[in-house]
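Here is the structure we will look at, set down as structure tokens.
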Amino acid sequence: MVACGCALLAGCGPLDRAELGRGVESLSALAAEGQLLADGVVQDRTRSTYTRVHAGTLAGDAAHEAQKLADATVEVGADRERDEAVAVAQRLDDALGELETFPSGERTAADVHRALTKIADDLERLAGRIKDGS
Amino acid sequence: MKAVLQIALGIIAAIGGFVDIGDLVFNSQAGAVFGYELMWAVPIGVLGIGLYAEMCGRVAAVTKRPVFDVIRMRMGLTTGLIVLVASLFVNLLTVAAEIGGVGLLLQLFFDAPFTLFALLGALALATIIWFVPFEGLERLFGYAGLALFVFVAAALYLGPDWHSVARGFVPEAKSSTLYWYFVVGLVAAALMPYEVYFYSSGAVEERWGPGDLRVNRLNAVIGYGIGGLLSLGIMVSAAQLFAPAGVSPDHLGTVPLLAQVPFGETGLLLALLGMLFAIGGAAVDASFAGAYSIAQFAGWEWGKYRRASGAPRFTLAWLLFFALGLIVLMTGIDPLDLTEYSVVLSVVALPLTYLPVLLIARDRTFMGDHVNGAIAGSLGWVYFVVLVVVAVVAIPLLLATNAGAG
Amino acid sequence: MDERFDLVYRLLDDQLVDVDGRRCGRVDDVELTGAAGEPLVVTGLLTGRGAYAARLPARWRRLARALFGRDVRGSTARRVPWTEVSDVGVTVALRRRAADLGLDGDDWRPLDRVPGG
């Protein structure tokens, strides 16, 4: 589940590296799912209503994660990683939002797929840095 | 021929009720997170529900008593009342979760606000129940639910590593609480009490007698066995598609991808359709189960075969269940969270409803020659112990893993 | 019915069925009559939620009365004379129709006019 118990409560304690790592993991999962969704459109093997609704749901998750990370107070030394995670989450939200707006465009879907691949790579690198920094 | 048709009824009822939103959620998540490692938990759940349903069906056929009749009669007023209240509470959560699932699926088909579709879905289901007789209901939801076989097809098509699959059937003692939470969830999702209330009441609705005992046994074995196959299909395809990609099925809408990726638009449609009818059928079964429970406990006239005017309180009861389910959804709670709670809390209440049935099934005064044989008898007690253990660890695990959030 | 049977096991909490086969409540309590030193005779059955409170543990009685109502004969609880019972088997069979015995509280006429169902 993407939402944690205190998702809506700001200031529920400082976000430690482990939790930041989990947030990044959630974003990776979203990116991976987005890629599957985009693939379907690229290959014209899916329904546009489904793509639109589901991409919208995933975009909402990304936006929610971005807010959650932005609101949290982070432990010392993890500020840069947190800020980067928020930035990536926003890119994820944008990419999935593109898919939601253009659920049947094969060209757009191909662009989205490329964007998601880059996002996934960035998240992997970020996850590594979060782990190493602790 | 009649026997073949009645077997079909069982299969259909099983598929309509066995694979519901709880099974879809837990099996897809288990596959995505743990790959094949949790496959062994599914047969345990399937064997449990098969055993329980066979006993309930046998008791209903021989004594003409469905589950809550047995509970009130065997456990008395006080215990019966406790079991009733617990069952109704859990049933309500289940109805809400299933209606929520219907709303989510309709949204994936037609892209309109969720609340609207939850309402429309509930109204549509209530209308269908009102006008369609019992057997028709079973067949409608059951046949359409067979579309879920697309997941089994997907699992096979994606070419699993059969060696890992085989290993998955051997339980491993792991130290991860999340692992054991999923074990509980998978077993609990297979053993939802509303299914047996519905099944045993259905046996009385269908006027079963001792001559139907063979059909009852076949229903239990084949019907729930097929349900187990569907669950495994979902888990295996999730293990192949979601696990390596790191996809986390946190939404109902993620599950159809398991069929869309291998089979394209056709697969997607079959998945969506199958899920819609399986979950819709479960909503019907669960609200009826609630109505059966109250009516049977209180001694009111009940049954779809009595028509609405013949069983007014029963009719009002299931309508009320739908309404209350909608109200629970309107609080804004996520249907998938609701699903996890309803599944876990159901298993906590399960031993209370299981024990009276087991006691009656082995009581010659009521069953005559149809008492539990050696197998049903010993397995029956083994499962009681299993259920008590699962019931005890369920809530701690739910809290420790934050409902599977890890 | 059997010549001897366990009142609690076989009679109490059993389903009442009238002469037409309609379910019409449960045996929510059993009425025994007799004086001290004399044999107790089963003289009737009580059915209805008004009979619940008396059977629940003392600690819950007040809550039960609030939820299920007090024992108001003819309204929340009805008495069925033992003479009206024709058989005690899987269910407790009654000699007459539920309406004649005052056990038709279940009937709710408005639903009669709704088509389908």
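Residue numbers (this note's numbering), protein chains in the order written: chain A, 21 to 154; chain B, 679 to 1084; chain C, 191 to 307.
Beta carbons: idealized from backbone N, C-alpha and C, even for Gly.
Everything numeric in this text was worked out from a predicted model, so none of it was measured.
Tell me, please, whether the CB atom of residue i is closer than 8 Å to any CB atom in chain B?
i, result
"A:Leu56", "yes"
"A:Thr66", "yes"
"C:Gly215", "yes"
"A:Thr93", "no"
"C:Val280", "yes"
"A:Arg72", "yes"
"C:Arg212", "yes"
"A:Ala90", "no"
"A:Thr11", "Residue 11 of chain A falls outside the range modelled here, since chain A spans only 21 to 154, and no answer is possible."
Any C-beta of chain C sitting closer than 8 Å to the C-beta of residue i?
i, result
"B:Arg750", "yes"
"B:Thr757", "no"
Tell me whether residue i is buried or exposed, calling it buried when 16 or more other Cβ atoms sit within 10 Å of its Cβ.
i, result
"A:Glu101", "buried"
"A:Asp81", "buried"
"B:Val682", "exposed"
"C:Met191", "exposed"
"C:Val198", "exposed"
"B:Val848", "exposed"
"A:Pro34", "exposed"
"A:Lys88", "buried"
"A:Gly41", "buried"
"A:Ala135", "buried"
"A:Lys151", "exposed"
"B:Gln785", "buried"
"A:Met21", "Low confidence applies here, because A:Met21 scores a pLDDT of 44, under 50, leaving its location unreliable and the question unanswered by this model."
"B:Gln707", "buried"
For residue i, which of helix, strand or coil comes out of DSSP?
i, result
"A:Arg149", "helix"
"B:Ser842", "helix"
"C:Glu221", "strand"
"B:Arg817", "helix"
"A:Gln110", "helix"
"C:Asp277", "strand"
"A:Val96", "coil"
"C:Gly215", "strand"
"A:Arg42", "helix"
"C:Thr233", "strand"
"C:Arg268", "strand"
"A:Arg134", "helix"
"A:Leu35", "strand"
"B:Ala923", "helix"
"B:Val1021", "helix"
"B:Gln974", "helix"
"A:Ala90", "helix"
"C:Arg194", "coil"
"B:Val933", "coil"
"C:Arg249", "helix"
"A:Ala23", "Residue confidence is low: A:Ala23 scores 44 on pLDDT, short of 50, so the model does not pin down where it sits. Its coordinate-derived value is still stated next. Coil at A:Ala23, not helix or strand."
"C:Leu284", "strand"
For chain A, find out if any of its Cβ atoms is closer than 8 Å to the Cβ of residue i; answer yes or no.
i, result
"B:Val703", "no"
"B:Thr855", "no"
"B:Thr793", "no"
"B:Glu943", "yes"
"B:Ser926", "yes"
"B:Thr1017", "no"
"B:Gly863", "no"
"B:Gly735", "no"
Under 7 Å Cβ-Cβ, which residues of chain C neighbour residue i?
i, result
"B:Asp747", "Gln205"
"B:Thr741", "Val280"
Using the beta-carbon of each residue, which ones in chain A are nearer than 9 Å to residue i?
i, result
"B:Ala923", "Ala49, Ala52, Glu53, Gln55, Leu56"
Since I believe residue j is in contact with residue i (beta carbons under 8 Å), could you give me their beta-carbon distance rounded to a whole number of angstroms?
i, j, result
"A:Ala75", "A:Leu119", "4 Å"
"B:Trp718", "B:Gly837", "22 Å between Cβ atoms; not a contact."
"B:Asp770", "B:Gly1003", "The question names Asp, yet the displayed sequence has Leu at residue 770 of chain B. Yes, they are in contact, since the Cβ atoms of B:Leu770 and B:Gly1003 sit about 6 Å apart, within 8 Å."
"B:Val1071", "B:Pro1029", "Wrong, their Cβ atoms sit about 13 Å apart, outside the cutoff."
"A:Gly60", "A:Leu116", "Not confirmed; about 14 Å, so no contact."
"B:Arg991", "B:Ala964", "So it is not a contact: roughly 19 Å between Cβ atoms."
What does residue i reach in chain C if we use C-beta pairs closer than 8 Å?
i, result
"B:Ala976", "Gly215, Arg216, Arg239"
Output, in chain order, the set of chain B residues within a Cβ distance shorter than 9 Å of residue i.
i, result
"C:Leu246", "Leu755, Thr756, Leu759"
Between residue i and the ligand NAD, is the CB less than 7 Å from at least one heavy atom?
i, result
"B:Val748", "What this structure holds is no ligand at all, so the ligand NAD is not there to describe."
Give the residues of chain B in contact with residue i, contact being defined as C-beta atoms less than 7 Å apart.
i, result
"A:Gly117", "Within 7 Å Cβ-Cβ: nothing; A:Gly117 doesn't reach chain B, min ~15 Å."
"A:Gly125", "Those do not exist, as A:Gly125 stays about 16 Å from chain B at its closest Cβ, beyond 7 Å."
"A:Gly60", "Gln938"
In chain A, what lies closer than 7 Å to residue i by C-beta?
i, result
"B:Leu935", "Leu56"
"B:His929", "Thr77"
Name the chain B residues that come within less than 8 Å of residue i, Cβ to Cβ?
i, result
"A:Thr69", "Leu786, Phe787, Phe788, Asp789"
Listing by chain order, which chain A residues have their CB less than 8 Å from the CB of residue i?
i, result
"B:Thr1009", "Within 8 Å Cβ-Cβ: nothing; B:Thr1009 doesn't reach chain A, min ~14 Å."
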